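Asker: In this note's numbering, the protein residues as written are 178 to 255.
Where a beta carbon is used, it is the ideal one built from N, C-alpha and C, also for glycine.
Since we're looking at a predicted model, the values are computed, not measured.
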């Protein structure tokens, strides 16, 4: 789960949301696009913190991006 989250964050920062053009395959964005990954829109809320809209177990939520955190936690009751 941590690797997937880290990969999604990498894609979110490198690939523009809703990009229609193909990226060259010799770039990281092009490679990730070739793997079927897309960018996501980051939202600034609550004191300029970054959030990503997500759906977990069919429930909409906002996942906070905390680049200073040593681990990623998702409450199983959320």
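Quick one: what's got a C-beta closer than 7 angstroms to residue 226's C-beta in the same chain, skipping five residues either side?
Answerer: Taken in chain order, the residues that qualify are 241.
Asker: Going straight from the alpha carbon of residue 254 to that of residue 209, what length do you get?
Answerer: If I take the Cα positions, the gap works out to 31 angstroms.
Asker: Mapping the DSSP letters down to three states, classify residue 246 as helix, strand or coil.
Answerer: Coil, per DSSP.
Asker: Exposed or buried, what is residue 216 when buried is set at 16 or more other beta-carbons lying within 10 Å of its beta-carbon?
Answerer: Result: buried.
Asker: Per DSSP, what kind of secondary structure is residue 214 in: helix, strand or coil?
Answerer: Residue 214: coil per DSSP, three-state reduction.
Asker: Could you give the residue range of the beta strand (DSSP E) that holds residue 219?
Answerer: Per DSSP, residue 219 belongs to no beta strand (DSSP E) and is neither H nor E.
Asker: What are the start and end residues of the beta strand (DSSP E) that includes residue 233?
Answerer: 226–233 is the extent of the beta strand (DSSP E) around residue 233.
Asker: How many angstroms separate the CA atom of residue 245 from the CA atom of residue 228?
Answerer: Their backbone Cα atoms lie some 14 angstroms apart in a straight line.
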